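S.K.: Numbering (this note's numbering), first residue to last: -5 to 178.
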Amino acid sequence: MSFTKSALPEQDLIKGCILNDRRMQELLYKQYCSSLMVICKSYAKNEEDAVEMLQDGFLKVFQQIESYDANKSSIYTWMRTIMIRTAIDFLRKQKTKNISVEWKEEHEPSIEAEALQRMSAQQVQCMLRQLTATTRTVFNLHITEGYNHKEIGEILKISEGTSRWHLSEARKYLINLLKAKERA
């Protein structure tokens, strides 16, 4: 993860943001916006939604900056968590119906990692954008962020079985896309 480093120490940026110093907020934004935008893009269906998630997320960062505790996590980890929650909230607001599917699968198919590694991040994101919002979110939370199905269920207010089903659907879909790409 590469960040554009500010000339100021991180603690000074945070203190400035707590004091509502617009210059410090802009510096913090510029330092982390690229890295956090990658997270937003992984949840968004399109660029506009990703930008909206990023802006909403930074608004929350600046509103909650006083609650940041450097002893618990890095500023990036703290902001990343806010961005993920903001993305989920954004998707939840857009959701028109609540689907609950119970399905337990003993052996989930694994994604062909070698084929994925040969693809650029942009190609993978393009593939992920073809998934439904909930399926894409479950995939991102589990694969990218490392959440387990119980945690995903609590975050998205779905059952563990539903979380497993969405992950399985994402994997099946991505495998089919990879196979089609290899045949082409």
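Idealized CB from N, CA, C, for every residue including glycine.
As the structure is a computational prediction, the values presented were derived from the model and not from experiment.
If you run the structure through DSSP and keep just helix, strand and coil, what is N170?
M.R.: As a working note, residue 170 is residue 176 in the sequence shown. N170: helix per DSSP, three-state reduction.
S.K.: In terms of alpha-carbon separation, which member of L21, L13, V32 and E20 lies closest to N134?
M.R.: Locating residue 134 in the sequence shown gives position 140, where the first residue counts as 1. Nearest of L21, L13, V32 and E20 to N134, Cα basis: V32.
S.K.: Quick check on the DSSP output: the alpha helix (DSSP H) that includes S28 runs from which residue to which?
M.R.: Counted from its first residue, the sequence shown places residue 28 at position 34. First-last of the alpha helix (DSSP H) with S28: R16 to Y37.
S.K.: Would you kindly report the start and end of the unbroken alpha helix (DSSP H) that includes G140?
M.R.: Against the sequence shown, residue 140 aligns to sequence position 146. Unbroken run through G140: none, as it is neither H nor E.
S.K.: Could you give the first and the last residue of the continuous alpha helix (DSSP H) run that contains T126?
M.R.: By 1-based counting over the sequence shown, the position of residue 126 is 132. Looking at the DSSP string, T126 is not in any alpha helix (DSSP H), and its letter there is neither H nor E.
S.K.: Report the three-state DSSP secondary structure of D6 (helix, strand or coil).
M.R.: Looking up residue 6 in the sequence shown gives position 12. In this structure, D6 counts as helix in the three-state DSSP scheme.
S.K.: How long is the line joining the alpha carbons of K35 and C27, rounded to whole angstroms?
M.R.: Taking the sequence shown and counting its residues from 1, one reaches residue 35 at position 41. Taking the sequence shown and counting its residues from 1, one reaches residue 27 at position 33. One C-alpha to the other measures close to 12 angstroms.
S.K.: Which of helix, strand or coil does DSSP assign to N40?
M.R.: As a working note, residue 40 is residue 46 in the sequence shown. N40: coil per DSSP, three-state reduction.
S.K.: If E154 sits next to G147, beta carbons under 8 angstroms apart, how far is it from one beta carbon to the other, in whole angstroms?
M.R.: On the sequence shown, position 160 is the one that residue 154 refers to. On the sequence shown, position 153 is the one that residue 147 refers to. Right, their Cβ atoms sit about 5 angstroms apart.
S.K.: Can you tell me whether S183 is buried or exposed, with buried defined as 16 or more other CB within 10 angstroms of its CB?
M.R.: This structure gives no information on residue 183, because the portion of the chain shown stretches from -5 to 178.
S.K.: Would you tell me roughly how many angstroms separate the C-alpha atoms of R158 and E41, rounded to the nearest one?
M.R.: Along the sequence shown, read from residue 1 onward, the residue named residue 158 stands at position 164. Along the sequence shown, read from residue 1 onward, the residue named residue 41 stands at position 47. In a straight line, the C-alpha of R158 is about 27 angstroms away from that of E41.
S.K.: Give the C-beta separation of W81 and Y37 to the nearest angstrom, bearing in mind that I take them to be a contact with Cβ-Cβ under 8 angstroms.
M.R.: Taking the first residue of the sequence shown as 1, we reach residue 81 at position 87. Taking the first residue of the sequence shown as 1, we reach residue 37 at position 43. Reading the sequence as shown, one finds Ala at residue 81 and not Trp. That pair is a contact at about 4 angstroms.
S.K.: How would you call C11, buried or exposed, if buried means at least 16 neighbouring beta carbons within 10 angstroms?
M.R.: As a first step, residue 11 must be located in the sequence shown, where it is residue number 17. The residue in question, C11, is buried, as its Cβ has 16 or more Cβ neighbours within 10 Å.
S.K.: So which of N65, S61, D6 and M77 has the shortest CA-CA distance to T131?
M.R.: For this step, residue 131 is matched to residue 137 along the sequence shown. That would be M77, whose Cα lies nearest to the Cα of T131.
S.K.: What do you get for D63, buried or exposed, if any count of 16 or more other CB atoms within 10 angstroms of its CB means buried?
M.R.: The sequence position of residue 63 within the sequence shown is 69, counting from 1. It is exposed - the Cβ of D63 has fewer than 16 other Cβ atoms within 10 Å.
S.K.: Quick check on DSSP: helix, strand or coil for D83?
M.R.: As a working mapping, residue 83 is identified with position 89 in the sequence shown. The answer is helix: DSSP assigns D83 an H, G or I state.
S.K.: Grab me the residues of T129's own chain with a C-beta within less than 6 angstroms of its C-beta, minus the 5 sequence neighbours each way, in chain order.
M.R.: Counting from 1 along the sequence shown, the entry for residue 129 is found at position 135. Correct list, in chain order: H160, E163 and A164.
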